[in-house]
Amino acid sequence: MSWKDRLKAKLGKKNLPTSSPTAAPPTSITSHARAVPDPARSPSSLPARLWNRAYDQAKTSNPSTVDAYEKILSIRLSEQDPGTSGLPQSADLASQQNEIAQDADQRRVQMQQLVQNGLHRTEKDTKVKQGMEGSLQAALAVKEVVDKAIQASPEAAVAWVGVCFALEILMNPLTQASSNREGIAYVVSRMDWYWNLSGMLLDENMSEGHPPGLRDELANIVTELYTKLLLYQMKSVCYYHRTRLSVFARDLIKLDNWDGELSDIQTAEAKVQEDSAHIGSAIREQTKQQERMQETSADNKCRADLRLTDPRDDKKRIEETKGGLLKDAYRWVLDNPDFRQWRDGLQNQLL
């Protein structure tokens, strides 16, 4: 069963397993650090570029939400014990300095650390919450995916920080509204599809030979979906820590329209699928046109090459150069009486 299926099954309220879940072996943060390449040298993959672009768009379109979210992340970065769930009692977002870097490379390093802290926090929580079978196993399933994804593509940490917070939310279900928790479960269960979306649509169907306009159009559609996903995760994190927000901040962020925002995400998903189908058709048609043009060009070149000389002149030149045909090599067959009788006989059929 895939991790998505396990997640959906474990998040359901019915038919939860009765046996104690088996926790994954603890993974040390030190071993993660060794496995993750140097972030300063890590090449930026296409998904990572789009997720980072989406993050910047979220900051532009909804600065109050991103600012509150980054202040929460700033507190997490400064914690002495990164495995502690929840913010310290003394944490005050109003006076908290936003420590998240504006530079993409520096921010990536911070996000990687936050992901590692989140994974460590999940490990710690599994040891004290063995009785919460449904949420625990769902969180472990997600943790496994996040752990592998961040090691394979460390530059993509910005996409997984919110998922790590989602693990904490899933393991503390009473802190969230049911509609928000259902939305988190939906988003988390589709993270592999979201992550691979850009590669499926842009890497495989788009080559350098295609007009950049189509690539840009499809990239913009995917980025718009990623922006909605990030904002949903950010608002969920802010809602989880809503007691730390001022009334004014809560009003700005609007933490009460979970069904509507999830519907927006699903609408964006449908738009990606619909538009990608149209653009894919356009790409295939352009590919066929390019192939026809290449075939026509090759045919024209072949015809031009053939017209450089007259084949009859070539035949005469070859005969004069090589001395003509050796008649003695074949005349004895044609002059043979048996051959002539067979050739001229009325009862014989030529093959």
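Numbering (our numbering), first residue to last: 3 to 353.
A virtual CB, placed ideally from N, CA and C, is assigned to each residue, including glycine.
This one's a predicted model, so the numbers in the text were calculated from it and none came from an experiment.
Residue i vs residue j beta-carbon contact at 9 Å
i: residue 98; j: residue 76; result: yes
i: residue 160; j: residue 95; result: no
i: residue 216; j: residue 288; result: yes
i: residue 102; j: residue 81; result: no
Endpoints, alpha helix (DSSP H) assigned at residue i
i: residue 324; result: 313–324
i: residue 73; result: 65–80
i: residue 182; result: 180–191
i: residue 170; result: 159–172
i: residue 346; result: 339–346
i: residue 336; result: 333–336
Straight-line gap, residue i to residue j (C-alpha atoms, nearest Å)
i: residue 2; j: residue 196; result: It is not possible to answer for residue 2, since the shown part of the chain is limited to 3 through 353.
i: residue 58; j: residue 293; result: 39 Å
i: residue 314; j: residue 332; result: 23 Å
i: residue 150; j: residue 300; result: 48 Å
i: residue 146; j: residue 194; result: 12 Å
i: residue 45; j: residue 306; result: Note that residue 45 has pLDDT 44, beneath the 50 cutoff, so the model's placement of it is unreliable and no number is given.
i: residue 114; j: residue 74; result: 15 Å
i: residue 78; j: residue 226; result: 28 Å
i: residue 162; j: residue 297; result: 47 Å
i: residue 322; j: residue 303; result: 29 Å
i: residue 110; j: residue 246; result: 26 Å
i: residue 157; j: residue 47; result: 8 Å
i: residue 268; j: residue 168; result: 19 Å
i: residue 324; j: residue 334; result: 22 Å
Sequence-distant residues of its chain with Cβ nearer than 7 Å to residue i (five each side left out)
i: residue 224; result: 52, 199, 200, 203, 274
i: residue 261; result: 181
Own chain partners of residue i with C-beta closer than 8 Å, once the 5 adjacent residues on each side are dropped
i: residue 263; result: 185, 230, 233, 234, 237
i: residue 257; result: 237, 240, 241, 244
i: residue 60; result: 67, 68, 229, 232, 233, 236
Contacting residues, own chain, Cβ-Cβ under 6 Å from residue i (five flanking each side not counted)
i: residue 166; result: 117, 120
i: residue 340; result: none
i: residue 336; result: none
i: residue 55; result: 225
Review point. For the stretch 236–294, which segments carrying the alpha helix (DSSP H) assignment without a break, of at least 4 residues, lie completely within its bounds, in sequence order?
Key: Correct list: 249–255.
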